[in-house]
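Here is the structure we will look at, set down as structure tokens.
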Amino acid sequence: MNVEYTGRHYDVTPAIRKEVEIGLAKIRKILGDRFEAKVILAVEKHRHKAEITISPRNGPLVGLAQAKDMSIAVNEALDHLEKQAVKYKTRWETKKRQARKSEEVNKWNGHSTSADPTDVQPTVGRTEKTAVPVMVHRYPAVAKTTEVHLVRSEDAVAMRPLTLEEAIKEAHFRDRDVFVFRDPKGKLMILHRTRDGRMELIEAP
5 MNVEYTGRHY
15 DVTPAIRKEV
25 EIGLAKIRKI
35 LGDRFEAKVI
45 LAVEKHRHKA
55 EITISPRNGP
65 LVGLAQAKDM
75 SIAVNEALDH
85 LEKQAVKYKT
95 RWETKKRQAR
105 KSEEVNKWNG
115 HSTSADPTDV
125 QPTVGRTEKT
135 AVPVMVHRYP
145 AVAKTTEVHL
155 VRSEDAVAMR
165 PLTLEEAIKE
175 AHFRDRDVFV
185 FRDPKGKLMI
195 LHRTRDGRME
205 LIEAP
């Protein structure tokens, strides 16, 4: 695992490196994937800040935290990153299940590409001479609709103008799939995390 460290007004100690690498090893077990990591550790006005970014196959994940002590900040950033990794893995597995179901539906709807002439097909007719082959379609059961449940979320809206980079980091930090903000020029922007884990930018008119 390649880990790149950057210290800003802070010397990265061996103890901190060990904490980071132990935490990243846990995340690697969750994702089951190799990834590179960038760690930025900074001290600003007696506040210790940790920013840890990993790059799995379908987009980066970022863990941000700040505390009075660098060890606490690093562990909080790793905890946040671990939660994102679990969501990332769940999304990825759901996408694969949906792809498999789609293939099964296409097969049952007569889209199978099998060209074996020995395949047995149901027939309709009084005698063997007048019998006509028919295709049997089987459709999946229709899922029941659920009631709409609305919850107000102030955590999904930025209270001050942000650049795109700041908004992406803030959305990762707050662990939001939808994040609304205004850019420095006052234009309304919406960040949306798609099912494959990528961030999509929507510019409101």
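Numbering (my numbering), first residue to last: 5 to 209. Where a beta carbon is used, it is the ideal one built from N, C-alpha and C, also for glycine. Just so you know, these numbers come straight off a predicted model, no measurement behind them.
- Outcome for THR57 when other beta-carbon atoms lying within 10 angstroms are tallied against a minimum of 16: Residue environment for THR57: buried (at least 16 other C-beta atoms within 10 angstroms of its C-beta).
- Between PRO60 and LYS191, what straight-line distance do the alpha-carbon atoms span, to the nearest angstrom? For the pair PRO60 and LYS191, the Cα-to-Cα distance works out to about 31 Å.
- Item | Through-space distance from LYS72 to GLY63, alpha-carbon basis | For GLY63 and LYS72, the distance between alpha carbons rounds to 30 Å.
- Item | DSSP three-state assignment for HIS50, whether helix, strand or coil | HIS50 falls in the coil class under three-state DSSP.
- According to DSSP, which residues form a beta bridge with LYS42? According to DSSP, LYS42 bridges with GLU8, THR57.
- Would ALA119 be called buried (16 or more neighbouring beta carbons within 10 Å of its own) or exposed? Reliability fails at ALA119, whose pLDDT of 46 lies under 50, so the model's placement of it is uncertain and no value is given.
- Query: Hey, how far is the Cα of VAL90 from the Cα of THR98?
  - Reply: So the two alpha carbons sit approximately 12 Å from each other.
- Query: So, helix, strand or coil for ALA160, using DSSP?
  - Reply: Reduced to three states, the DSSP call for ALA160 is helix.
- Task: Could you check which residue in VAL43, GLY67, GLU174, LEU28 has the C-alpha nearest to that of THR10?
- Result: With distances taken between Cα atoms, THR10 lies closest to VAL43.
- Message: If I follow the unbroken beta strand (DSSP E) through HIS176, where does it start and stop?
- Response: It is not in any beta strand (DSSP E) - HIS176 instead sits in the alpha helix (DSSP H) that spans 168 to 178.
- Query: TYR92 to ALA46, Cα distance in whole Å?
  - Reply: Rounded to whole angstroms, TYR92 to ALA46 spans 27 Å at the Cα level.
- Is GLY67 helix, strand or coil by DSSP? Per DSSP, reduced to three states, the secondary structure at GLY67 is strand.
- PHE177 and LEU68 look like a contact to me (Cβ under 8 Å); what is the Cβ gap, rounded to whole Å? Indeed, because the Cβ distance is near 4 Å, the residues count as touching under 8 Å.
- Task: Quick one: grab the DSSP three-state call for VAL182.
- Result: In the three-state DSSP reduction, VAL182 falls in the strand class (E or B).
- Query: How would you call ILE26, buried or exposed, if buried means at least 16 neighbouring beta carbons within 10 angstroms?
  - Reply: By the neighbour-count definition (other C-beta atoms within 10 Å, threshold 16), ILE26 is an exposed residue.
- Reference PRO165, options ASP187, ALA175, GLU158, MET193, closest by Cα: Among ASP187, ALA175, GLU158, MET193, the Cα nearest to that of PRO165 is on ASP187.
- C-beta contact flag for GLU215 and ALA19 at 8 Å: Since the displayed the chain opens at 5 and closes at 209, residue 215 lies outside it and no answer follows.
- Run through DSSP, which three-state label would ARG21 get? Helix.
- Query: In angstroms, rounded to a whole number, what distance separates the CA positions of ARG180 and ALA160?
  - Reply: If you take the alpha carbons of ARG180 and ALA160, they lie about 6 Å apart.
- Tell whether a beta-carbon distance below 8 Å holds between LYS49 and ALA77. No, these two residues do not count as a Cβ contact at 8 Å.
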